[in-house]
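Participant: Residue numbers (our numbering): 88 to 167.
1. Measuring CB atoms only, is the stretch 101-114 touching the stretch 130-150, in the sense that at least three cross pairs come out at less than 8 angstroms?
2. Whole-angstrom Cβ separation of residue 121 and residue 131, contact assumed at under 8 angstroms?
3. DSSP three-state label for residue 170, please.
4. Does DSSP put residue 93 in a helix, in a strand, or in coil?
5. Under 9 angstroms, do residue 93 and residue 111 count as touching if we go by C-beta distance?
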């Protein structure tokens with residue numbers, strides 16, 4: 088669900104200008120009304136994902152892996 092939420096209308100991470108009111112509503116319902124109903128939530132999110140993939144607003148061909156963990160108690164760590 089975390090990735091799906093990045094593609095909602097107006098999300099700061101949605102840099103595609105893609106938006107779909109039905110998709111946004113499916114995610115809202117998954118976060119709220121279906122939060123404690125795993126089977127219904129799964130079907131709801133499956134529908135949202137199929138809608139997203141059908142419209143294909145992104146074509147992920149590359150993902151850069153970078154560590155972003157911080158802890159002020161850790162000192163002297165060198166990450167190549």
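Ideal Cβ positions, reconstructed from N, Cα and C, are used throughout, including at glycine. Since this is a predicted model, take the numbers as computed values, not measurements.
Facilitator: On the basis of the supplied data:
1. Here the stretch 101-114 lies against the stretch 130-150, with 3 or more beta-carbon pairs under 8 angstroms apart.
2. Locating residue 121 in the chain shown gives position 34, counting from the first residue. Locating residue 131 in the chain shown gives position 44, counting from the first residue. Contact holds; Cβ gap of about 6 angstroms.
3. In the structure displayed, the chain extends from 88 to 167; residue 170 sits before or after that span and is not available.
4. Locating residue 93 in the chain shown gives position 6, counting from the first residue. In this structure, residue 93 counts as helix in the three-state DSSP scheme.
5. In the chain shown, counting from the first residue as 1, residue 93 sits at position 6. In the chain shown, counting from the first residue as 1, residue 111 sits at position 24. It is not a contact, given that the beta carbons lie outside the stated cut-off.
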